[in-house]
Amino acid sequence: MEDVLMLIVVIPLLAGLLVLAMPARSHGIIRAVAFIGALIPACFSLSAYLAFDKRITDLQYPFTTTWMNIDNAFNMLTLHINLSFGVDGISMPLVMLVGVVSTLTMIRSFKVTERVKSHYFWMLFLTMGLYGVFAASDIFTFFFFLESTLVASYLLINTWGGELRHYAATKFLIYRGLASVVLLAGLIGLAYVYAVKAQAASSTIMIPNAPDFLTLSISQLLTEARLIQIPAATQNVLFLVFLLAVLIEEAFVPFHTWLPDTHEQSDTGTNMMIGGALMKIGLYVMLRFAVSMLPLGLAHYAMWLAVLGLISILYGAIVAVASKDWRRLIAFSSISHMGLVLLAIGSMQEIGIQGAVFMLVSSGLLTSLLFFTVGAQADRTGTFAIENLGGLSKSLPVISGVMLVAALGFVGLPGLSGFISEFSLFVGGFAAFPTLSALATLSMIFAAFYLLWAMQRTTFGPVNTSLPEMADAEAIEYVPMVVLVILVVLIGVFPGVLGDVVHGTAQAIAARIGG
Amino acid sequence: MESAMHVVSFSDIWRSMGPEVIVIGGAFLIMLIELLLPQNKRQWVPWLAVIDVIVAAILIISRFDEGILVYSNANFVVDGFSNIFKLVILLGTFLVILLAIAEQRKKALPYEYSYLLLFASGGAMIITSGIDLVLLYVGLELLSIATYILVALNRRDGRSAEGGLKYLIVGSIASATILYGLSFLYGVAGSTNLGQIAVALQNDWANDSAILFVSFALILAGVAVKISVVPFHMWTPDVYEGAPTPVTAYLAVVSKAAVIAFMLRVFIFAFGDKFQDWWLLMAWLSVITMVVGNFGALAQHNVKRILAYSSIGQVGYLIMPFAAIGQTQNVSNMWQALSSISFYLFVYAVMTIGAFAVLSKVSQERGSDQVEAFAGLYKRNPWLATMMAIFLLSLAGLPLTGGFFGKFMIFLVAFNAGQYWLGIILFATSAVAFYYYFGILKAIFVLEPTGDDEKIKSGGLLNTIVGLCALGTLYLGLVPGPFLHVLNQVHWFG
């Protein structure tokens with residue numbers, strides 16, 4: 168069990184290399200290899216989830232192997248860089264999310280007929296990167312996988328996207344490249360500050376584990392964050408750096424313009440990966456580094472987080488109302504939902520933290536589901552434009568039905584995962600910022616409005632006679648839809664399946680930030 | 075310092091200057107052989123140069139741990155610093171000669187390049203060991219004069235001749251400027267020896283900043299031209315575009331490494347703590363070089379020009395540690411700065427020469443240096459495409475490639491010296507660089523091939539060169555530890 172995380176990360180890469188070795192024309196074998204290459208790590212992550220010890224709040228399944236040591240990196244300190252993995256209650260659900268989304272994306276990608284080999288290679292590469300990002304317990308490991316996702320998704324958008332894909336891919340690259348640069352500055356600053364502090368502290372008070380080297384180990388940093396208080400001024404600066412990185416990475420207003428373009432120009436499989444898993448990285452960074460390790464910084468900027476969150480919530484929702492394209496609508500709606508997470512983090516409540524993880528998972532599942540069904544109908548009708556659609560429920564009852572489930576999940580229908588997420592977020596939000604949270608609830612009304620209205624025009628209403636003859640979902644398309652719907656309902660009805668894992672870690676973080 | 079001439083025996087020369095003797099002596103020998111061989115046998119001549127370089131490199135490595143040797147009235151020193159830089163120079167020369175051999179089959183460069191490159195590298199090696207103004211200057215001129223010819227080597231190409239002339243004029247002015255600056259140092263110390271100059275600057279001339287300023291400014295302006303630091307970079311894109319591609323790679327890598335060695339010797343060794351007055355100037359030069367280089371590349375559509383601008387940007391990274399050296403008093407930081415420069419030079423050598431190697435093949439086959447020429451390269455030649463991707467990702471500075479660690483080391487140096495802002499600008503300009511590097515990547519992997527759908531056949535030699543370069547790039551990115559460890563153990567200055 169110790170090596171399970173390492174295997175989860177490595178298997179997609181091996182499968183990708185295997186795909187590269189295949190002859191380009193044997194599509195069937197390539198698809199099978201890619202699917203199995205995504206399925207096995209997903210099963211491993213399930214077993215890791217089942218064996219997860221809910222009482223432990225530290226990183227579990229630690230795997231560490233020395234990568235390199237750099238002598239004299241900072242003032243004669245040695246820098247230890249490890250290839251290191253480990254998960255806690257925050258990252259475990261996200262690792263599983265990657266497992267679900269990537270496996271289902273591979274199924275959806277059976278429909279890709281152009282340049283199949285490189286499509287699957289980059290898909291598997293992206294899968295590896297995403298697993299790595301969420302499973303990493305070393306800053307360098309984390310950053311490496313983050314950059315891998317950048318390269319993979321850039322090429323995925325660029326090759327299999329819509330007409331303006333080159334433009335969208337470049338925009339994606341610039342924004343996310345900039346975000347990772349800012350993030351790197353923050354990460355190095357964090358490690359440096361803790362190293363200096365720990366060095367000073369170990370000479371005055373008895374502190375176990377205080378290193379005489381510069382560590383990039385996340386679990387080490389988390390331990391030190393509990394023991395050593397960094398001065399507020401330093402925390403504020405670092406927090407600001409992280410905040411900036413997260414704002415760009417997570418497409419918060421005003422850095423949001425790249426996300427709708429990206430989603431609009433990408434193909435369905437890529438959208439499922441980006442919307443379902445990649446877009447959770449920013450807030451994961453927020454929780455993992457900024458919130459857990461810089462509590463004073465968080466306290467200082469809590470109000471700002473709430474305000475920025477509210478702006479994104481309302482802006483995303485209002486623009487979504489005006490969206491004419493399904494993919495843009497989903498993009499703006501996810502901006503709105505992620506704003507809610509930011510607001511809840513700003514509240515510094517335990518339930519808010521827990522809700523944040525719930526929302527990341529729930530929105531990952533729902534976004535993939537929505538992108539999948541929207542893509543499935545577009546495969547048949549050839550359009551994503553809401554005004555060109557109509558009456559789909561007549562010819563595509565199953566796809567329309569599932570689409571409705573996804574939309575209702577977004578709206579927050581009780582019994583689906585969206586409800587419990589929004590509920591926890593709002594409980595957290597109201598405890599700290601009653602007025603702002605009250606304003607934020609407007610987004611639920613907007614969401615109901617734009618999603619249901621779009622649904623109504625797409626699936627119900629008069630049949631658009633210009634649409635071609637269509638057949639409903641094929642057997643293979645049932646798999647992603649059924650799996651995602653089951654998961655969404657499961658989390659909605661039994662939040663415990665997720666909450667038990669998250670709870671301990673959320674509690675630990677909340678204790679650290681005084682919530 | 076004793077004034078009596080002390081007799082230098084041949085065994086002394088061999089012990090100290092063995093590698094230089096091999097390279098320059100070999101160059102003379104190869105020149106003769108080239109002259110005497112019949113035309114149809116001459117294709118073997120460049121291989122002799124390759125062997126020559128390998129022998130010299132082996133000699134350096136075998137003497138690596140011998141400690142510091144000073145020879146000939148303290149004019150010539152063999153220390154860790156010079157050994158490391160000589161290895162960079164020889165590595166670059168080795169790859170460039172191989173690249174020239176690979177390219178030669180079609181374009182028929184005259185075989186002169188094999189010994190001209192050796193002469194240039196001999197000059198470069200002398201620079202790294204010289205601690206005497208005359209010796210330094212002679213080395214610099216040997217390097218420069220040989221490269222003037224090399225740039226214009228492609229006689230049938232008008233652009234090559236134009237580039238050669240441009241480089242000759244700009245380069246000689248720069249040399250003269252450097253010489254003018256050096257003459258002040260001689261005037262101050264009454265000696266051409268760097269050690270004595272350093273003493274004079276500490277004692278007699280410690281308070282006369284005007285003359286030091288003139289001297290420093292002139293030398294800096296001259297070397298800035300040679301390594302294309304902004305605002306002395308204007309010649310770079312034209313010359314790089316005109317020169318035969320192997321020569322461009324040589325200018326970008328070897329010539330720069332040598333001039334940076336020159337800067338370190340003169341600025342750090344001779345000026346000593348007087349250099350502290352100018353760290354801010356170095357910092358700003360580094361900043362504008364990074365900014366202009368990277369933003370300049372954005373507007374280019376010719377890959378050779380993109381690489382030219384990108385190499386300007388890379389120089390910005392390379393001279394950043396000078397600012398740290400100037401500001402810090404701490405010896406460990408200075409060593410860290412030196413090892414970061416050396417590390418980056420090695421990375422820079424392999425990734426740049428690799429990129430130029432792929433470029434030379436593609437532009438030969440497609441008859442164009444434009445980005446469009448790379449369209450669909452992945453379908454035409456997957457091997458070259460993959461290798462080029464590695465070089466571009468490394469140039470852009472993504473993790474797991476040497477480029478990331480090179481930048482990371484330089485970032486650490488800046489961080490350590492408290493120059494956070496420089497570190498941030500380094501990574502910010504690297505993020506700008508994503509745009510044009512990924513533009514080439516996009517052409518390779520995403521765009522459909524334009525025109526005919528022919529495959530590009532690359533010969534075994536070219537495949538080997540790019541393979542070696544990629545191996546080096548990945549090695550320095552995956553396991554930089556051992557190599558950094560070596561650099562950390564080096565006793566830099568004599």
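Sequence lines, in order, name chains C and H.
Just so you know, the first sequence maps onto residues 168 to 682 in my numbering.
Just so you know, the second sequence maps onto residues 75 to 568 in my numbering.
Backbone N, C-alpha and C define an ideal beta-carbon position, used for all residues, glycine too.
Does residue i come out as helix, strand or coil in the three-state DSSP assignment?
{"i": "residue 423 of chain C", "result": "coil"}
{"i": "residue 329 of chain H", "result": "helix"}
{"i": "residue 646 of chain H", "result": "With chain H covering only 75 through 568, there is no way to say anything about residue 646 of chain H."}
{"i": "residue 390 of chain H", "result": "helix"}
{"i": "residue 245 of chain C", "result": "strand"}
{"i": "residue 662 of chain C", "result": "coil"}
{"i": "residue 562 of chain C", "result": "helix"}
{"i": "residue 521 of chain H", "result": "coil"}
{"i": "residue 443 of chain C", "result": "helix"}
{"i": "residue 266 of chain H", "result": "coil"}
{"i": "residue 75 of chain H", "result": "A caution first: residue 75 of chain H carries a pLDDT of 41, below 50, which makes its placement in the model unreliable, though a value can still be read off. Residue 75 of chain H falls in the coil class under three-state DSSP."}
{"i": "residue 691 of chain C", "result": "Shown here, chain C extends from 168 to 682; a query on residue 691 of chain C therefore has no answer."}
{"i": "residue 428 of chain C", "result": "helix"}
{"i": "residue 492 of chain H", "result": "coil"}
{"i": "residue 450 of chain H", "result": "coil"}
{"i": "residue 667 of chain C", "result": "helix"}
{"i": "residue 170 of chain C", "result": "coil"}
{"i": "residue 377 of chain C", "result": "Reliability of the predicted coordinates at residue 377 of chain C is poor, the pLDDT of 49 falling under 50, and no value is obtained from them."}
{"i": "residue 239 of chain C", "result": "strand"}
{"i": "residue 303 of chain C", "result": "strand"}
{"i": "residue 298 of chain H", "result": "helix"}
Determine the extent of the alpha helix (DSSP H) in which residue i is found, giving its start and end residues.
{"i": "residue 311 of chain C", "result": "306 to 327"}
{"i": "residue 280 of chain C", "result": "Looking at the DSSP string, residue 280 of chain C is not in any alpha helix (DSSP H), and its letter there is neither H nor E."}
{"i": "residue 490 of chain C", "result": "No alpha helix (DSSP H) contains residue 490 of chain C, which DSSP labels as neither H nor E."}
{"i": "residue 106 of chain H", "result": "100 to 110"}
{"i": "residue 242 of chain H", "result": "232 to 263"}
{"i": "residue 582 of chain C", "result": "Run containing residue 582 of chain C: none; DSSP gives neither H nor E here."}
{"i": "residue 281 of chain H", "result": "Careful: residue 281 of chain H lies outside any alpha helix (DSSP H) and carries neither H nor E."}
{"i": "residue 348 of chain H", "result": "Here residue 348 of chain H belongs to no alpha helix (DSSP H), and DSSP marks it neither H nor E."}
{"i": "residue 452 of chain C", "result": "448 to 452"}
{"i": "residue 94 of chain H", "result": "84 to 94"}
{"i": "residue 408 of chain C", "result": "399 to 416"}
{"i": "residue 136 of chain C", "result": "The displayed coordinates of chain C run from 168 to 682. Any statement about residue 136 of chain C would go beyond what the structure contains."}
Throw me the rounded Cβ distance for the residue i and residue j pair, which I believe falls under 8 angstroms.
{"i": "residue 329 of chain H", "j": "residue 217 of chain H", "result": "6 angstroms"}
{"i": "residue 111 of chain H", "j": "residue 119 of chain H", "result": "7 angstroms"}
{"i": "residue 480 of chain C", "j": "residue 610 of chain C", "result": "5 angstroms"}
{"i": "residue 507 of chain H", "j": "residue 368 of chain H", "result": "5 angstroms"}
{"i": "residue 668 of chain C", "j": "residue 219 of chain C", "result": "6 angstroms"}
Identify the continuous beta strand (DSSP E) that holds residue i and give its terminal residues.
{"i": "residue 152 of chain H", "result": "150 to 152"}
{"i": "residue 207 of chain H", "result": "Per DSSP, residue 207 of chain H belongs to no beta strand (DSSP E); it is in the alpha helix (DSSP H), 207 to 225."}
{"i": "residue 424 of chain H", "result": "Unbroken run through residue 424 of chain H is the alpha helix (DSSP H), 405 to 440; no beta strand (DSSP E)."}
{"i": "residue 143 of chain H", "result": "143 to 145"}
Checking the sheet assignment: what are the DSSP bridge partners for residue i?
{"i": "residue 250 of chain C", "result": "C/232"}
{"i": "residue 376 of chain H", "result": "H/444"}
{"i": "residue 204 of chain H", "result": "H/150"}
{"i": "residue 552 of chain C", "result": "C/492"}
{"i": "residue 227 of chain C", "result": "C/254"}
Query raised in the report: Residues in the stretch 496 to 509 of chain H with C-beta within 8 angstroms of chain C's C-beta atoms, listed in sequence order?
Result: 497, 498, 501, 502, 504, 505, 508 and 509
Query raised in the report: Just by C-beta distance, which residues in the stretch 221 to 235 of chain C are closer than 7 angstroms to chain H?
Result: 235
Report task. Scan the stretch 150 to 163 of chain H for residues whose Cβ lies nearer than 8 angstroms to a Cβ of chain C and list them as they occur along the chain. Result -> none
Query raised in the report: For the stretch 321 to 341 of chain C, which residues have a CB atom closer than 9 angstroms to at least one CB atom of chain H, in sequence order?
Result: 321, 322, 325, 326, 332, 333, 336, 337, 340 and 341
Query - Residues, ordered as in the chain, of the stretch 274 to 306 of chain H that lie near chain B by beta-carbon distance below 9 angstroms - result: This model lacks chain B altogether; the protein chains it does include are C and H.
Query raised in the report: At a Cβ cut of 8 angstroms, what residues of the stretch 449 to 476 of chain H count as close to chain C, listed as they run along the chain?
Result: 452, 467, 472, 473 and 474
Report task. Can you give me, in chain order, the residues of the stretch 537 to 563 of chain H that have a beta carbon less than 7 angstroms from any beta carbon in chain C? Result -> 553, 554, 555, 558, 559 and 562
Query raised in the report: What residues in the stretch 374 to 393 of chain H have a beta carbon less than 7 angstroms from any beta carbon of chain C?
Result: none
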